[in-house]
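To convert, take the position in the sequence shown, counting from 1, and add 832; that gives this note's numbering. Just so you know, even glycine gets a beta-carbon here, dropped at the ideal spot from N, CA and C. What follows is a set of notes on a single structure, which appears directly below.
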Amino acid sequence: MSKRLYLTAIVALLLLALGIGAFHMAGERRAAEKMTGTQKGAAEMLAHGETSEAGTEQTAETEDPETETSEESKGTAGSGSGGGSGSGAVSHSGNSAGGSSYGALHVSGTHLADGNGNPVQLRGISTHGLAWFPEYVNEELFRQLHEEWNVNVIRLAMYTAEYGGYCSGGDQAQLKQLVKNGVQYASNQGMYAIIDWHILSDGNPNQHKKEAKGFFQEMSQTFSSYSNVLYEICNEPNGGTSWSEIKSYANEVIPVIRANDPDAVILVGTPNWSQYVDQAAADPITGYDNLMYALHFYAATHKEDLRTRMKNALDAGLPIFVSEYGICDASGNGALDIEQANAWVDYEGDERVLKVGGLVHEAEVFGPDMVMRRDFTLQS
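Encoded structure:
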C-alpha cells in the first residue's frame, strides 16, 4: 500500500528522531541516538542541492556528520520492475541508465565531466539507513524525486556498524538486494546512483575491509555494464583515522571494483568525517583514473574555514565531490542556519564550483529552497 506523507509531518518526526541521518552527519554518538531500540528515525527528506566549495578545519572532536554525453559504451535503459518496497528482488539485465542526464561520467582534472568533457555537477539526496527504512527504496518515490524535484542522483546509504548494519548483525542478503533494487529504480528513472559503504561508528574503514572488498566485488560485478553507478567506498572516516590509513584501504578496495568496472567513478572519504580534503590533496591516490574525494559539510557547523579548506584543495588539483551536506549543525540537531547555507550557495558564482562533482543532500535536513508542502511516496 502507498501512503502520502507531507514534509511538515516529516519535520515533526525528524525532531523526535534527534537527528538520524542518511549518510550520517555525525559520529558514533549520533548513530546511537538514531536507533535506540526501535527505528526512531524519521523519513527521508528531499532537498534541491546547492553549489558550494569548502575548506574548513575542524578538530577531531567535532562530530561531522556526518549534461549530455556521447558515451554509449555501457548500454541503454535499465529494465527493473516497477514500484513496491525495496526488499523484493528486481531484475538486473545488465543495462545502464540510458536516460541519465549526462551519460557515462569521468573525472577530468578536478571536475566531473560528461562524454564531451563538459563539467557536470550531480544534485540529489540520500536515503536514510537502508536497514531502518527500506520502504523508501521504491520506484514511485524515485520517479517523484526525479520529475518533481529535479533530482538526478540518489545515494544509497548502507550502514556498516550501526544497528542492523552490514557488519553488525544485519541481514546482508536483504541489504544487498535493497542496494541493487535502488540502483535499478534510479536507472529506470534516468538517474545516477551512489552505492555508499556507510562507515560511521566503525571510524576506520580498515576495520571491515574484508567485508567491504566482498561487497564491492559483488556490486561492481552486478553493475559492470551500468554507466550511472558511482561507488563511495568509505563514508566518513573519523576517530583519528589518518589519511594514510584511508589511502591504504582505498588501494585495496579500488582494484576490486576496477577488476569488474574499469571506468566507474569512485568516491574516497577523507579524514575527520570527510573534511580534511587538504590532506588528500597533499598525498593523492595514484595509479587510477576517475577518483574523487568526498567532502561533507553542515552549514551551522562548517563555515568559512571549511570553504577555504575546500578551495585550497581544489586549487591544488584535487577532484572533490560533496556526497553529503545539510544546513543544520553537524549533530543533526538544532536550528537551520539559513545565513550560512546561503553563504555556501553564494559560491555558485565562483567558477571553481564547476570542479565540485556533486552535491547530495542529507535526507533529514531541509534545503534552503525546499518547498515545505511537497509530499512524497512511501510504500509498504
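Q. For the putative contact between Glu1156 and His1128, defined by C-beta atoms under 8 angstroms, what is the C-beta separation to the nearest angstrom?
A. 4 angstroms between Cβ atoms; contact.
Q | Gly1119 versus Ala1131, Tyr1108, Ile1086, Asp1034, residue with shortest Cα-Cα distance | A | Ile1086
Q | Which listed residue (Lys1079, Asn1070, Glu1136, Gly1149) has its alpha carbon closest to that of Glu1171 | A | Glu1136
(Q) For Ala1145, count the other beta carbons within 10 Å of its own beta carbon; 16 or more makes it buried, fewer makes it exposed. Which is it? (A) buried
Q. So does Leu962 have its beta carbon nearer than 7 angstroms to some heavy atom of the ligand NAD?
A. Absence of the ligand NAD is noted for the structure shown, with no ligands found whatsoever.
(Q) Tell me which residue opens and which closes the alpha helix (DSSP H) that Glu971 is part of. (A) 971-981
Q) To the nearest whole angstrom, what separates the beta carbons of Tyr1024 and Val969, a pair I think is in contact under 8 angstroms? A) Not a contact, Cβ separation roughly 15 angstroms.
Q) According to DSSP, is Phe1055 helix, strand or coil? A) coil
Q.
Rounded to whole angstroms, what is the Cα-Cα separation between Leu1007 and Tyr1058?
A. Taking the CA atoms as reference points, Leu1007 sits about 20 angstroms from Tyr1058.
Q) Can you check whether the CB of Ala1131 is closer than 8 angstroms to the CB of Phe1153? A) Taking a C-beta distance under 8 angstroms as the contact criterion, Phe1153 and Ala1131 do not qualify as a contact pair.
Q.
Buried or exposed for Ala993, going by 16 or more other Cβ atoms inside 10 Å?
A. Ala993 comes out buried.
Q. What does Arg987 pair with, by DSSP beta-bridge criteria?
A. Arg987 has Ser958, Ile1026 as its beta-bridge partners, per DSSP.
Q) Nearest CA to the CA of Asn984: which residue from Leu1123, Gly961, Asn1020, Ser940? A) Here the closest residue by C-alpha is Asn1020.
Q. Which whole-angstrom value describes the C-beta separation of Val939 and Val1061, a residue pair presumed to lie in contact below a C-beta threshold of 8 angstroms?
A. No, Val939 and Val1061 are not in contact; Cβ-Cβ is about 15 angstroms, not under 8 angstroms.
Q. Counting along the chain, where does the beta strand (DSSP E) carrying Tyr1081 start and finish?
A. No beta strand (DSSP E) contains Tyr1081, which is instead part of the alpha helix (DSSP H) from 1075-1092.
Q.
Can you check which of these residues, Pro1094, Ile1078, Asp1093, Lys1143, is closest to Asp1115 by C-alpha distance?
A. When only C-alpha atoms are compared, the closest one is Ile1078.
Q: Would you mind stating whether Ile1089 and Phe1048 have Cβ atoms separated by less than 8 angstroms?
A: yes
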